[in-house]
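Peer 1: In the working numbering, the protein residues as written are 16 to 263. All C-beta atoms in this analysis are idealised placements derived from N, C-alpha and C, irrespective of residue type, glycine included. Note that the coordinates shown come from a computational prediction; the quantities given were computed from them, not determined experimentally. Got a structure for you, questions after.
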Amino acid sequence: MKKVVAMVLTGFLVSSAQFSAQASTVSYADQVVSMQPGVSAEELAKQVEDLIVSTGMSEAEIYEAMYNEMEKQNQMAEEEAKQLAEENAISGDAEVQGGDSGALYIVGPSARGDFYYTPSATAYINHGHVGLYYSSNVIVESIYPSGVRSISANVRKVDKGAVVKSISTSSTNKQNATSWAYGEIGQPYSLNFANNRNTGHNGAKNCSKLIWSAFKLNGNLDLDVDKGLGVYPRDVRDASQTVLKRKI
Numbered sequence: 016m017k018k019v020v021a022m023v024l025t026g027f028l029v030s031s032a033q034f035s036a037q038a039s040t041v042s043y044a045d046q047v048v049s050m051q052p053g054v055s056a057e058e059l060a061k062q063v064e065d066l067i068v069s070t071g072m073s074e075a076e077i078y079e080a081m082y083n084e085m086e087k088q089n090q091m092a093e094e095e096a097k098q099l100a101e102e103n104a105i106s107g108d109a110e111v112q113g114g115d116s117g118a119l120y121i122v123g124p125s126a127r128g129d130f131y132y133t134p135s136a137t138a139y140i141n142h143g144h145v146g147l148y149y150s151s152n153v154i155v156e157s158i159y160p161s162g163v164r165s166i167s168a169n170v171r172k173v174d175k176g177a178v179v180k181s182i183s184t185s186s187t188n189k190q191n192a193t194s195w196a197y198g199e200i201g202q203p204y205s206l207n208f209a210n211n212r213n214t215g216h217n218g219a220k221n222c223s224k225l226i227w228s229a230f231k232l233n234g235n236l237d238l239d240v241d242k243g244l245g246v247y248p249r250d251v252r253d254a255s256q257t258v259l260k261r262k263i
């Protein structure tokens, strides 16, 4: 009788653990989908299937990793806002943070191959935004919802707290990378940040994917500080191959 009870109890515990793992997977999957409107659950599930094969990770591990990266971005945004508020309090400036339409500072010229980062949010993730200098006065970037475009550095507005950085690589790599990015003008925007390291270089892309692909294809530089499943604008900003040129 004791053996029967033990077997039943063991089976119950195993089933409970399996149910808990499945529930957790569903929960993380739902969270990721809800934080990336425009990326369907079916599309994401197909990408996860491919990642299981390519990474050896389980479905649950992949969804959890995606969710954790997204939450990290929101946490970093809160830290940025707090730091900016403290700096504003010291300088006496009013806090300015309004994305593409409400920003008040002109980013200005910089060298070909440089990029800028500005605080920004898309949908439910505050991940920042990056744009690449095709020339000293022309920026190529991917913005929501229109996609990859060019814009004059003399009219492009950014938020306070923005930075301009250079990339430590050869001038040839910079020329080739920026030319490739410029050739992507007209491509649509992609809301898929969670797995954009593992999607194709061509076609729809977001701002960080544009710069990451440009230098991955031209110089084999991996401009992603944490090498997670997704490459976010702050990942590009904080990559070890980048050097601060100026703050805005």
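Enumerate, from N- to C-terminal direction, the unbroken alpha helix (DSSP H) stretches of 4 or more residues contained entirely within the segment 185 to 263.
Peer 2: Runs found: 186 to 198, 222 to 232 and 248 to 252.
Peer 1: The beta strand (DSSP E) that contains TYR82, what's its start and end?
Peer 2: No beta strand (DSSP E) holds TYR82; the alpha helix (DSSP H) holding it covers 74 to 106.
Peer 1: Looking at C-alpha atoms only, which residue of LYS189, TYR148 and SER181 is the closest neighbour of ASN169?
Peer 2: That would be TYR148, whose Cα lies nearest to the Cα of ASN169.
Peer 1: Along the chain, where does the beta strand (DSSP E) that runs through ILE182 open and close?
Peer 2: Here the beta strand (DSSP E) through ILE182 covers 178 to 182.
Peer 1: Do you know offhand how far ASP115's Cα is from HIS142's?
Peer 2: With a pLDDT of 47 at ASP115, under the threshold of 50, the modelled position of this residue cannot be trusted; read the value that follows with caution. Approximately 14 Å, taken between the alpha carbons.
Peer 1: Counting C-beta neighbours from all protein chains within 10 Å, is the total for GLU199 16 or more, i.e. buried, or is it exposed?
Peer 2: It is buried - the Cβ of GLU199 has at least 16 other Cβ atoms within 10 Å.
Peer 1: Using a Cβ-Cβ cutoff of less than 7 Å, which residues in the same chain neighbour VAL246 once the five nearest sequence positions on both sides are dropped?
Peer 2: Cβ neighbours of VAL246 beyond the five flanking positions: ASN211, ARG212, SER223, LYS224, TRP227 and ASP239.
Peer 1: Per the DSSP calculation, ILE121 is bridged to which residue(s)?
Peer 2: According to DSSP, ILE121 bridges with LYS172.
Peer 1: Measuring CB to CB, does ILE154 end up less than 8 Å from SER165?
Peer 2: Yes, they are a contact pair.
Peer 1: Skipping 5 residues on each side, what residues in its chain have a beta carbon closer than 7 Å to that of THR214?
Peer 2: Around THR214: ASN207.
Peer 1: Do THR133 and VAL173 have their C-beta atoms closer together than 8 Å?
Peer 2: Cβ atoms of THR133 and VAL173: closer than 8 Å.
Peer 1: Which residue comes first and which comes last in the beta strand (DSSP E) that contains ILE158?
Peer 2: First-last of the beta strand (DSSP E) with ILE158: 153 to 158.
Peer 1: Got a sec? Which residues, its chain only, sit under 7 Å from SER157 by beta carbon, not counting five neighbours each side?
Peer 2: For SER157, where only same-chain residues beyond five positions count, the Cβ hits under 7 Å are VAL163, TYR204, LYS220, ASN221, CYS222 and LEU225.
Peer 1: Are there three or more Cβ pairs, one per stretch, closer than 8 Å when the segment 185 to 202 is compared with the segment 68 to 79?
Peer 2: With a cut-off of 8 Å, the segment 68 to 79 and the segment 185 to 202 do not count as touching, because too few Cβ pairs lie within range.
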